[in-house]
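Asks: Residues 1 to 114 in UniProt numbering are what the sequence shown lists, from first letter to last.
Backbone N, C-alpha and C define an ideal beta-carbon position, used for all residues, glycine too.
Let me give you the structure first, and then I'll get to my questions.
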Amino acid sequence: MDLYSVVCVSDVAASRKWYEAFLGRPADEIIGAELLWRVGENAWLVLDDRDVRAARVGGTMITLGVDDLDEILARLAAHGIEHEPVEAYANGVRHVEILDPDGNSLSLAQAPVS
Numbered sequence: 001m002d003l004y005s006v007v008c009v010s011d012v013a014a015s016r017k018w019y020e021a022f023l024g025r026p027a028d029e030i031i032g033a034e035l036l037w038r039v040g041e042n043a044w045l046v047l048d049d050r051d052v053r054a055a056r057v058g059g060t061m062i063t064l065g066v067d068d069l070d071e072i073l074a075r076l077a078a079h080g081i082e083h084e085p086v087e088a089y090a091n092g093v094r095h096v097e098i099l100d101p102d103g104n105s106l107s108l109a110q111a112p113v114s
């Protein structure tokens, strides 16, 4: 099974730079007006700004599991991308929420190193 998580944005061209910085690379595919990044073996993050999605702009909530949260946060800081405070859960997971320019919530979570 494949997963396509659609992030509705107000302007895909304007959002492109932010997502390239957030994900650390250009889109892996462009299909029509949509930009797609592979974020897992069978998982994709998709940017969509079509008028039919306008009511959903800013309503996305996605959590991505990462291996090195500190490295990613340093890269984001270098691009001027701010984030909420990093939380540490009782089970050792570290979690942080980052909002894109439209208010979509993209969280990063790092499991404890065993």
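Can V12 and V46 be called in contact, C-beta distance under 8 Å?
Replies: Within the sequence shown, the letter at position 12 stands for residue 12. Within the sequence shown, the letter at position 46 stands for residue 46. No.
Asks: In the DSSP assignment, the alpha helix (DSSP H) including S10 goes from what residue to what residue?
Replies: Indexing the sequence shown from 1 puts residue 10 at position 10. First-last for S10: undefined, no H or E at that position.
Asks: Tell me the rounded alpha-carbon separation between Y4 and A90.
Replies: For the purposes of this step, residue 4 is taken as the residue at position 4 of the sequence shown. For the purposes of this step, residue 90 is taken as the residue at position 90 of the sequence shown. About 31 Å.
Asks: Once the 5 residues before and after V57 are set aside, which same chain residues still bring their CB inside 7 Å of it?
Replies: Working through the sequence shown from its first residue, we reach residue 57 at position 57. Cβ within range, chain order: C8, V9, S10, D102.
Asks: In this structure, how does DSSP classify D48 when only helix, strand and coil are distinguished?
Replies: Position 48 of the sequence shown holds residue 48. Three-state DSSP puts D48 in a strand.
Asks: Taking only the alpha-carbon atoms, compute the straight-line gap between E34 and D48 and give it to the nearest angstrom.
Replies: Here residue 34 refers to the residue found at position 34 of the sequence shown. Here residue 48 refers to the residue found at position 48 of the sequence shown. Spanning the two alpha carbons is a distance of roughly 5 Å.
Asks: The alpha helix (DSSP H) that contains A78, what's its start and end?
Replies: As a first step, residue 78 is located in the sequence shown; it is residue number 78 there, counting from the start. That run of the alpha helix (DSSP H) goes 69 to 78.
Asks: Within the continuous beta strand (DSSP E) that includes E97, where are the two ends?
Replies: Residue numbering aside, residue 97 sits at position 97 when the sequence shown is read from its first letter. Where E97 is concerned, the enclosing beta strand (DSSP E) stretches over 94 to 99.
Asks: For my contact list, L69 and R94 are in at a C-beta cut-off of 8 Å; report their separation, rounded to the angstrom.
Replies: For the purposes of this step, residue 69 is taken as the residue at position 69 of the sequence shown. For the purposes of this step, residue 94 is taken as the residue at position 94 of the sequence shown. Rounded, the Cβ-Cβ distance is 5 Å, consistent with contact.
Asks: Whole angstroms are fine: how far does the CA of A54 sit from the CA of V66?
Replies: Reading the sequence shown from its first residue, position 66 is the one you call residue 66. Reading the sequence shown from its first residue, position 54 is the one you call residue 54. Each residue's Cα considered, the two are about 30 Å apart.
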